[in-house]
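Just below is one structure, and these are the notes that go with it.
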Amino acid sequence: MSPPLIDVRDLHVYYGASHVLRGLSLHVAPGETVGLMGRNGMGKSTLIRTIMGLVRPRAGEINVDGRPMTGRPTFEIARRGIAYVPEGRGVLASLTVLENLEIAARPGLDGARAWDLPRVLELFPRLGQRRDNRGNQLSGGEQQMLAIARALLTNPRLLILDEATEGLAPLIRDEIWRTIRLVREAGIATLVVDKTVHEVTAVADRVVVLVKGEMAFEGPPEALTADPDLMHRHLGV
Amino acid sequence: MMAQLLNGLQYGLLLFLVSSGLTLIFGVMGIINLAHGSLFMIGAYVAFLVSKATGTLWLALPVGVLGGAALGALLEWTLFRHFAKREHLDQVMLTFALILLAEELRWVVAGSDFHSVPIPAILDFSVPVTSGFSYSAYRFAVIAICLVLALALFWWIERTRFGAVVRASAENPEMVDVLGLDARRVHLVVFAAGTALAVVAGVLAAPLTSVYPGMGDSLLIISFVVVVIGGLGSISGAFWAALLIGLVDTFGKAYGPSFQGTGALGTLLAALSGSSVYLLMIAVLLWRPTGLFGQRP
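Protein sequence lines, in the order shown, are assigned to chains X and S. Using my numbering, the first residue of the first sequence is number 1, and each one after it goes up by one. Using my numbering, the first residue of the second sequence is number 1001, and each one after it goes up by one.
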């Protein structure tokens, strides 16, 4: 069996004196869609930032395709085929829409360019209309589309989305969820952080719930939705 | 009047070559390079040594461009990349040490005398502009070369993919890493380009100002004024601020003293004319604290 795409083991992360991740382990298999849930401040974003090499763990290891990547620079981890759309989207305000896309475009690890500029503009026609606008002239929804389109242009094997639908109008949210399904059908693994439980459980193969930097639940989405008590305690629904 | 206008333009454009590198390096790497004026001095001494050895200034230009880029790449690779994440005090110590090293090197190679550098023979004449006024052909050539370099720099930063990565690195270095782009390469190229621009400015200035110890110091201070007025990290800000400073400084020094003896106000104006650019900086910062083209906080 091929090794998991990412395999994080026994991760401990501190911010100063506070122990944010407490021996957390997580894996994502190629093509798998994993939903990552939990209330605010439970360590979801920290886990992702640690996977991307933006936060250094005090202990634990991060493997990509079975290779140790702990402590490696972020751009090397990204180049292993991991695309990350951060909370707040990370759209570059001083660049045009087209420039935001162009600087990211590259072939995937297999050398193929399955996602190129025409394909992402077909996916998000709005971006084509606004191609010469600067990043700071876009609406929140347009920024989110740009951030996802830009991530896809790196031809990733894993797409990590942190709160991609937060603060967006319902119609735009639907469009983002449609895109996530499309990405999943294209065979790209996804790690989706979101608070919309019914959407996450509808799209994910497996769901992970974090509580205070530890895993409180891991399993198929049906097992989570079948347990109202668990949902109420850890997700507040 | 016409001569002062052209002098101001030419001075401002040379200032732009120096301050564009300063502002780019600060924008992308977060480092304030105090030794940037020393790079200008190195350029002037390269012009002096090359024209003494070969009898012409022309060879100094390619030597300045290529040597400057190589020197910049070497400095970034061996020193500056290791200081990019350290405290400002460490960066000040490093870049101040480089000033001292550059002066010591200058003393060993060329001594401490003033040297003049001859204007290239084919440009050593005056161009008649109007019936009663003519202007140095070499100064016209400097204006032209600076404008070409400024346009090339704009095109590179604003119109190419690499330029987009440079702007992205200045705005959000973390996102550049996340997109899988190697920021170290960006830093190396930006530092090399900034260094080459400062060295070339020194080469071009050498026949106009002669070469002398510490000639980079006063230019460094004016370049900081340009960078601050233009807005830290902004290339177009540096361009307009450099022209503004070039004109204000030239006119201030040319006409300020003529107010002498025209009453108390005239005496005050004459006394302040030498510091006109600093007064301008204070006025701009009171009006727009982040500079003319700076990002709004």
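Built from N, CA and C at the ideal position, the CB exists for glycine as well.
Going by DSSP, what residues sit across from Gly219 of chain X in a beta bridge?
-> X:Val207
So is Pro57 of chain X buried or exposed if we call it buried at 16+ other beta carbons inside 10 Å?
-> buried
Endpoints, beta strand (DSSP E) assigned at Thr190 of chain X = Ala189 to Val193
Can you tell which of X:Ile48, X:Pro30 and X:Ser25 has its C-alpha closest to the C-alpha of Val193 of chain X?
-> X:Ile48
First and last residue of the alpha helix (DSSP H) that includes Arg79 of chain X?
-> Thr74 to Arg79
Which whole-angstrom value describes the C-beta separation of Ala265 of chain X and Val91 of chain X, a residue pair presumed to lie in contact below a C-beta threshold of 8 Å?
-> Given a span of 1 to 237 for chain X in the structure shown, any question on residue 265 of chain X remains unanswerable.
C-beta atoms of Val1228 of chain S and Met1281 of chain S nearer than 9 Å | yes
So Leu191 of chain X packs on Val28 of chain X, CB below 8 Å; how close in whole Å?
-> 6 Å
Partner residues on chain X for Asp1182 of chain S, Cβ-Cβ distance less than 7 Å = Phe75
Hey, how far is the Cα of Gly1261 of chain S from the Cα of Thr1267 of chain S?
-> 6 Å
Pull up the DSSP beta-bridge partners for Val1127 of chain S, would you.
-> S:Tyr1135
Between Val1310 of chain S and chain X, is there a C-beta pair that is closer than 9 Å?
-> It is not possible to answer for residue 1310 of chain S, since the shown part of chain S is limited to 1001 through 1297.
Please work out which residues of its chain come closer than 7 Å, Cβ to Cβ, to Val1226 of chain S, disregarding the five sequence neighbours upstream and downstream, and give them in chain order.
-> Leu1015, Ser1019, Ala1238, Ala1241, Ala1242 and Ile1245
Euclidean distance between Cα positions of Val211 of chain X and Leu26 of chain X | 14 Å
Could you tell me whether any Cβ in chain X is nearer than 9 Å to the Cβ of Leu1179 of chain S?
-> yes
If we count the other Cβ atoms within 10 Å of its Cβ and call it buried at 16 or more, is Ala1121 of chain S buried or exposed?
-> exposed
Is the Cβ of Pro86 of chain X closer than 9 Å to any Cβ of chain S?
-> yes
Would you say Ser94 of chain X faces chain S, with C-beta separation under 9 Å as the test?
-> yes
Closest by C-alpha distance to Ser1112 of chain S, when choosing among S:Pro1213, S:Ile1235 and S:Leu1006 = S:Pro1213
Just the C-alpha distance for Lys1085 of chain S and Thr1290 of chain S, rounded to the nearest angstrom, thanks.
-> 23 Å
For His27 of chain X, which residues does DSSP report across the bridge?
-> X:Asp7
From which residue to which residue does the alpha helix (DSSP H) around Val1018 of chain S run?
-> Met1002 to Met1029
Contact the stretch 92–107 of chain X vs the stretch 177–189 of chain X: 3+ CB pairs below 8 Å | no
How would you call Trp177 of chain X, buried or exposed, if buried means at least 16 neighbouring beta carbons within 10 angstroms?
-> buried
For the candidate residues X:Ala93, X:Leu36, X:Gly38 and X:Arg80, whose alpha-carbon lies nearest to that of Asn1172 of chain S?
-> X:Ala93
Count the other CB atoms within 10 Å of the CB of Lys1052 of chain S; is the residue buried (16 or more) or exposed (fewer)?
-> exposed
Please check if any C-beta of chain X sits within less than 9 Å of the C-beta of Ala1298 of chain S.
-> Look at the range of chain S in this structure, 1001 to 1297, and you will see that residue 1298 of chain S is not part of it.
What's the gap between the Cα of Leu235 of chain X and the Cα of Leu1285 of chain S?
-> 50 Å
Is Val97 of chain X near Ile77 of chain X, with beta carbons less than 9 Å apart?
-> no
List the endpoints of the continuous alpha helix (DSSP H) containing Ala1069 of chain S.
-> Ala1060 to Leu1075
Anyone know if the C-beta pair for Val1200 of chain S and Leu1181 of chain S falls short of 9 Å?
-> no
Just the Cα atoms here: how many angstroms apart are Glu61 of chain X and Gly219 of chain X?
-> 22 Å
Verify the CB distance criterion: does Ala114 of chain X have a CB-CB separation below 9 Å to chain S?
-> no
Counted within 10 angstroms of its Cβ, other Cβ atoms place Gly66 of chain X as buried (16 or more) or exposed = exposed
Using the C-alpha atoms, what's the distance from Arg1139 of chain S back to Leu1006 of chain S?
-> 8 Å
From Leu1039 of chain S to Lys44 of chain X, what distance separates their C-alpha atoms?
-> 48 Å
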